[in-house]
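Trainee: Here the protein sequences line up with chains A and B, keeping their order.
Numbering-wise (my numbering), the first sequence opens with residue 1 and increments by one.
Numbering-wise (my numbering), the second sequence opens with residue 206 and increments by one.
Number of protein chains: 2
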Amino acid sequence: MSTAEDTTTRILDAASELFAERGYNGTTTRAIAQKAGVNEVTLFRRFTNKQGILNALAQKWADGMAGFVVKSLPDPSDTRGTLEALAELEVAQATHVGAAALRLALDAHTAPEVREIMGEGPGGNFSGLVDYLGQRQQAGDLRADVDPRVMAEAFFALTSQMVMSRQVLDVAGEIYEIPIQEATRQTLMLFLSGVSEGVNGGSQR
Amino acid sequence: MSTAEDTTTRILDAASELFAERGYNGTTTRAIAQKAGVNEVTLFRRFTNKQGILNALAQKWADGMAGFVVKSLPDPSDTRGTLEALAELEVAQATHVGAAALRLALDAHTAPEVREIMGEGPGGNFSGLVDYLGQRQQAGDLRADVDPRVMAEAFFALTSQMVMSRQVLDVAGEIYEIPIQEATRQTLMLFLSGVSEGVNGGSQR
DNA sequence: GATGCGTGCAAGTGCTTGCTTGCATCCTAG
DNA sequence: CTAGGATGCAAGCAAGCACTTGCACGCATC
């Protein structure tokens, strides 16, 4: 039975990688089978559908994402520490799941079956972060002249872009080769400086 | 003959929109024809190929992009002003062209014909900005403890994300509704504050 | 009034894709 | 040793795709 489980895992891993690279519609069941090293028929026997594979994948992600909420973080009054932890989580998460998830989000337009699946994740994270940033603004930790939703968007833009450009677009890889940890660290420094109260650049133009 | 030109225009416009929404592979020639209000055969008579349509589109973009270089900006010693102007350009550009271009960049993986076309644009802009930011660092305008390549990546992440999330992903539209100009302004404020010399957040961890 | 160009329409070709079916093979549990 | 479940393999099917061909129509120009 270890073989059976193993087969499932290999299929899902292969599908995840291919979805990230080529999107949902761009990934053929034959390609998944080949990458997983199984016969194509096995896919359908295990998951009935191509969509079944997607569902299983989404389920797997949802399970792994359980702990990923702002509220469950250690010391919320430590704004800097919290955001650092969040950024690490986000990048790690995006590295595992996000490459495929981001790509699939784009496919949500075209493929209705993808759209169904993708509803949850980002939205929940987003509004959670917006709430948190709003609180920190009122606590005087963060500058008040920038909308918390803009801050949150910037935060996700910066973190997800790290992964997006490196893994999915794979453009930045050709452009330069700063390791992702280092790039993340520096980017977060930028973000924190920009977002903090009492900055020199506060003039409203 | 006005009709002939018009036909070409309508086809390219339709293709651009559809590529933005569904990507290259996800867009069928039938769909383009229908959206353009012409017969499918007309596409092939005008552009020989589906790739021919892509080429024509890329050509059209390239023509419009001519002026978009860092070097051609007014007063380079005015760091803030220059970056503001660049951000405006970038967002405007991305709004016109980028929705499709960004989407196509993702397809570069799968479709070799797309890859050929997409080589230029972003890379050129990117390294141009890296150079500029490096100079401004040496002039003491920008903080020295962040790699200019990271800064540039953050810059493009922030600006392109504006367009990406609104037009392509169309997720942010559901999440919140700050007009893009306002969001861009605030985001740039964040970026400038984060990037400037003499910020309070300069501690290295 | 004939010529040529741009276009529409109908039909079809070869290829790929998602998915199915039938049969043989292997491995493990009882 | 035998029964059942998981897998492989070969073949195929219907649909959708990019792309082609042949013919007819309208509309300018000479």
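Ideal Cβ positions, reconstructed from N, Cα and C, are used throughout, including at glycine.
Quick caveat, the model's predicted, so the values are computed rather than measured.
Let me check understanding here. Comparing Cα to Cα, which of B:PHE361, B:VAL400, B:GLU222, B:LEU217 lies closest to PHE249 of chain B?
Mentor: Counting from 1 along the second sequence, the entry for residue 249 of chain B is found at position 44. That would be B:LEU217, whose Cα lies nearest to the Cα of PHE249 of chain B.
Trainee: Between VAL296 of chain B and chain A, is the shortest Cβ-Cβ distance under 8 Å, so that the two count as touching?
Mentor: Numbered from 1 along the second sequence, position 91 holds the residue referred to as residue 296 of chain B. For VAL296 of chain B, the answer is no, since every Cβ of chain A falls outside 8 Å of its Cβ.
Trainee: Can you give me the Cβ contacts of LYS255 of chain B inside the same chain, cut-off strictly under 7 Å, excluding the 5 residues immediately before and after it?
Mentor: To locate residue 255 of chain B, count along the second sequence from 1; it is residue 50. Closer than 7 Å at Cβ, skipping near neighbours: THR234.
Trainee: Evaluate ALA152 of chain A with the Cβ neighbour count: other Cβ atoms within 10 Å of its Cβ, from every protein chain shown; 16 or more gives buried, anything less gives exposed.
Mentor: As a position in the first sequence, residue 152 of chain A is number 152, starting the count at 1. Buried is the call here.
Trainee: Looking at chain A, is there any beta carbon in it that lies within less than 8 Å of the beta carbon of LEU395 of chain B?
Mentor: Taking the second sequence and counting its residues from 1, one reaches residue 395 of chain B at position 190. Chain A, which has a Cβ nearer than 8 Å to the Cβ of LEU395 of chain B, makes this yes.
Trainee: Since LEU393 of chain B contacts ALA292 of chain B with CB under 8 Å, what's their CB separation in whole angstroms?
Mentor: Position 188 of the second sequence, counting from 1, holds the residue named residue 393 of chain B. Position 87 of the second sequence, counting from 1, holds the residue named residue 292 of chain B. Contact holds; Cβ gap of about 5 Å.
Trainee: To the nearest angstrom, how far is it from the Cα of ASP107 of chain A to the Cα of ILE258 of chain B?
Mentor: Position 107 of the first sequence, counting from 1, holds the residue named residue 107 of chain A. Position 53 of the second sequence, counting from 1, holds the residue named residue 258 of chain B. In a straight line, the C-alpha of ASP107 of chain A is about 22 Å away from that of ILE258 of chain B.
Trainee: Measure how close the beta-carbons of GLU289 of chain B and THR364 of chain B come, nearest whole angstrom, since I'm counting them as under 8 Å.
Mentor: As a working mapping, residue 289 of chain B is identified with position 84 in the second sequence. As a working mapping, residue 364 of chain B is identified with position 159 in the second sequence. Going by Cβ atoms, the distance from GLU289 of chain B to THR364 of chain B rounds to 11 Å, so no, they are not a contact pair.
Trainee: Would you mind stating whether ILE178 of chain A and ASP350 of chain B have Cβ atoms separated by less than 8 Å?
Mentor: By one-based count along the first sequence, residue 178 of chain A stands at place 178. By one-based count along the second sequence, residue 350 of chain B stands at place 145. Not in contact: ILE178 of chain A and ASP350 of chain B (Cβ atoms no closer than 8 Å).
Trainee: Using the C-alpha atoms, what's the distance from THR247 of chain B back to THR212 of chain B?
Mentor: If you number the second sequence from 1, residue 212 of chain B lands on position 7. If you number the second sequence from 1, residue 247 of chain B lands on position 42. Cα to Cα, THR212 of chain B sits roughly 9 Å from THR247 of chain B.
Trainee: SER282 of chain B: buried (16+ other C-beta within 10 angstroms of its C-beta) or exposed?
Mentor: Position 77 of the second sequence, counted from the start, is the residue given in the question as residue 282 of chain B. That one is exposed.
Trainee: Would you say the segment 217–226 of chain B touches the segment 124–136 of chain A, given that touching needs at least three Cβ pairs under 8 Å?
Mentor: Too few Cβ pairs lie closer than 8 Å, so no.
Trainee: Would the beta-carbon of LYS240 of chain B fall within 8 Å of that of ALA219 of chain B?
Mentor: Here residue 240 of chain B refers to the residue found at position 35 of the second sequence. Here residue 219 of chain B refers to the residue found at position 14 of the second sequence. Closer than 8 Å, so yes.
Trainee: According to DSSP, SER401 of chain B sits in a beta bridge with which residue or residues?
Mentor: Residue 401 of chain B sits at position 196 when you count from the first residue of the second sequence. Answer by DSSP bridge pairing, in chain order: B:LEU347.
Trainee: How would you label ALA310 of chain B, buried or exposed, when you count the other beta carbons within 10 angstroms and need 16 or more for buried?
Mentor: Here residue 310 of chain B refers to the residue found at position 105 when the second sequence is read from its first residue. ALA310 of chain B should be labelled buried.
Trainee: How would you write the range of the alpha helix (DSSP H) that VAL246 of chain B sits in, first residue to last?
Mentor: Translated into the one-based positions of the second sequence, residue 246 of chain B becomes position 41. From DSSP, the alpha helix (DSSP H) with VAL246 of chain B extends over 245–252.
Trainee: Report the option in B:THR284, B:ARG308, B:ILE385 whose CA atom is closest to the CA atom of GLN343 of chain B.
Mentor: Mapped onto the second sequence, residue 343 of chain B falls at position 138. Taking only the C-alpha atoms, the option nearest GLN343 of chain B is B:THR284.
Trainee: Could you pull the start and end residues of the alpha helix (DSSP H) that GLY286 of chain B belongs to?
Mentor: The residue you call residue 286 of chain B lines up with position 81 of the second sequence. Element bounds for GLY286 of chain B: 284–298.
Trainee: Could you check which residue in A:THR27, A:VAL150, A:ASP141 has the C-alpha nearest to that of SER127 of chain A?
Mentor: Working through the first sequence from its first residue, we reach residue 127 of chain A at position 127. Nearest of A:THR27, A:VAL150, A:ASP141 to SER127 of chain A, Cα basis: A:VAL150.
Trainee: Is the beta carbon of ALA31 of chain A less than 8 Å from the beta carbon of ASN39 of chain A?
Mentor: Counting from 1 along the first sequence, the entry for residue 31 of chain A is found at position 31. Counting from 1 along the first sequence, the entry for residue 39 of chain A is found at position 39. In this structure, ASN39 of chain A does not lie closer than 8 Å to ALA31 of chain A by Cβ.
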